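In what follows, a single structure is set out as structure tokens and then discussed.
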Amino acid sequence: MTTTVTSRRKQLGNELRHARTSSGLTQQQVADILGCTQGKVNKIESGSVGVKLGDVRAMLDAFGIVGDEADTLLGLARAAAGQRGHWSGYRSVVPHWFRTFTDLEPAASEIMTWHGERIPGPLQSEHFMLKQFTEFGATDVTSLVRNRLDRKAVFDQQQPPYYRFIISEAALRRAPGGHAPAVMLDQLEHMLELERRQRVYVHVLPFDAKLAAVPNDFTIMRFPDRTRDFVYIEHSAGGLYLDDVKDFQIFVDAWDRLRGAALERQETRQFFKQLAEEYRDVLNSEPAG
1 MTTTVTSRRK
11 QLGNELRHAR
21 TSSGLTQQQV
31 ADILGCTQGK
41 VNKIESGSVG
51 VKLGDVRAML
61 DAFGIVGDEA
71 DTLLGLARAA
81 AGQRGHWSGY
91 RSVVPHWFRT
101 FTDLEPAASE
111 IMTWHGERIP
121 GPLQSEHFML
131 KQFTEFGATD
141 VTSLVRNRLD
151 RKAVFDQQQP
161 PYYRFIISEA
171 ALRRAPGGHA
181 PAVMLDQLEH
191 MLELERRQRV
201 YVHVLPFDAK
211 LAAVPNDFTI
221 MRFPDRTRDF
231 VYIEHSAGGL
241 YLDDVKDFQI
251 FVDAWDRLRG
261 AALERQETRQ
271 FFKQLAEEYR
281 DVLNSEPAG
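For the sequence shown, the tail end lands on 289 under the UniProt record's numbering, and the numbers increase by one without skipping.
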């Protein structure tokens with residue numbers, strides 16, 4: 001399984017949290033030892049910030065951790081401090097609140113994502129990306145497209161995560177910028193090809209699905225190590241990462257309801273083919289030029 005700086009940082013934070021609770025110390029007591037705030041310790045344990053090697057040593061001493069276990073955690077701390085400048089160059093256009101998501105995406109064992117009104121990034125064709133970013137008025141379309149294409153590398157890993165998508169029928173009928181049958185035809189053909197890949201599962205939730213209502217978009221990430229599973233929710237001003245056990249289960253239950261109402265894989269492929277024919281008919285009926 002691919003590892004990233006962010007996943008190692010979250011794993012280190014989980015290990016430090018576990019060690020602290022086992023030792024009976026509170027976050028405030030650790031903060032007093034390090035000479036920082038309790039909030040900083042909480043961020044270290046959640047993996048949202050890095051931690052100096054000296055601070056890790058001080059924490060391990062306070063927790064009474066020595067020998068091989070201490071060496072392992074110090075090695076993890078060194079690894080988590082690597083790859084400075086990863087978000088420089090064309091990658092710098094990625095919003096800071098989305099960088100944790102894209103860092104952890106290749107390290108996950110399973111990703112389950114629901115989208116009601118838009119095609120999720122990893123499934124987008126290049127034609128769709130270009131249209132979307134252009135209509136949005138982006139100033140650096142090339143960098144945005146390169147970043148989104150980089151994310152597709154997750155499908156080419158030696159052991160990619162199980163990536164499960166549920167997409168509303170609305171997302172397949174709402175083209176960026178309005179009427180764009182050529183863009184949507186290209187998108188559907190792209191998904192038909194992509195869905196043949198190992199560990200990629202796409203399901204359509206049709207308009208007539210038997211559900212009382214549908215939730216907002218969300219993504220569930222599970223990990224094979226002690227990196228804490230979480231739910232990612234994006235909104236207009238940023239993104240939220242929820243890893244509380246009760247909150248996590250609420251979204252797992254929501255996913256299960258969506259999955260139960262969505263089309264099976266073969267039905268989804270047939271849906272894509274039929275909708276692609278509709279877009280072809282529209283294109284053929286439009287006057288040339």
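Where a beta carbon is used, it is the ideal one built from N, C-alpha and C, also for glycine. Nothing here was measured: the structure is a model prediction, and the numbers come from that model.
query: Count the other CB atoms within 10 Å of the CB of residue 159; is the residue buried (16 or more) or exposed (fewer)?
result: By the 10 Å Cβ count, residue 159 comes out exposed.
Exercise for the section: Give the secondary structure of residue 84 by DSSP, where H, G and I count as helix, E and B as strand, and everything else as coil. Expected result: Note on residue 84: pLDDT 47, under 50, position unreliable in the model; the coordinate value appears next. Here residue 84 sits in coil by DSSP.
In chain order, which alpha helix (DSSP H) runs of at least 4 residues are fully inside the stretch 178-209?
-> Those alpha helix (DSSP H) runs which fall completely within the stretch 178-209 and span 4+ residues are 181-194.
Assigned exposure category for residue 53 - 16 Cβ within 10 Å defines buried = The residue is exposed, with fewer than 16 neighbouring Cβ atoms inside 10 Å.
- Item | DSSP three-state assignment for residue 234, whether helix, strand or coil | Strand, per DSSP.
Query raised in the report: The alpha helix (DSSP H) with residue 279 in it runs from where to where?
Result: For residue 279, the uninterrupted alpha helix (DSSP H) segment begins and ends at 265-285.
message: Quick check on the DSSP output: the alpha helix (DSSP H) that includes residue 105 runs from which residue to which?
response: That residue, residue 105, is in no alpha helix (DSSP H); it is neither H nor E in DSSP.
| request: Given a cut-off of 8 Å, decide if residue 9 and residue 47 are closer than it, judged by their beta-carbon atoms. | output: Between residue 47 and residue 9, the C-beta gap is smaller than 8 Å, which places the two residues in contact.
Taking the alpha-carbon of residue 56 as reference, which of 17, 203, 93, 228 has the nearest alpha-carbon? Comparing Cα positions, the closest option is 17.
Note to self: Please state whether the Cβ-Cβ distance between residue 34 and residue 80 is less than 8 Å.
What the structure shows: Not a contact, by the Cβ cut-off of 8 Å.
*For residue 118, which three-state DSSP category applies?*
Here residue 118 sits in coil by DSSP.
- Query: What do you get for residue 103, buried or exposed, if any count of 16 or more other CB atoms within 10 angstroms of its CB means buried?
  - Reply: The C-beta of residue 103 has 16 or more other C-beta atoms within 10 Å across all chains shown, which makes the residue buried.
Taking residue 216 as the reference, which of 175, 114, 198 has the closest Cα? For residue 216, the nearest C-alpha among the options comes from 114.
C-beta contact flag for residue 161 and residue 110 at 8 Å:
In contact: residue 161 and residue 110 (Cβ atoms closer than 8 Å).
Q: Classify residue 168 as helix, strand or coil using the three-state DSSP reduction.
A: In the structure shown, the three-state DSSP call for residue 168 is strand.
(message) In whole angstroms, give me the CA-to-CA distance for residue 262 and residue 218.
(response) Here the alpha carbon of residue 262 sits roughly 16 Å from the alpha carbon of residue 218.
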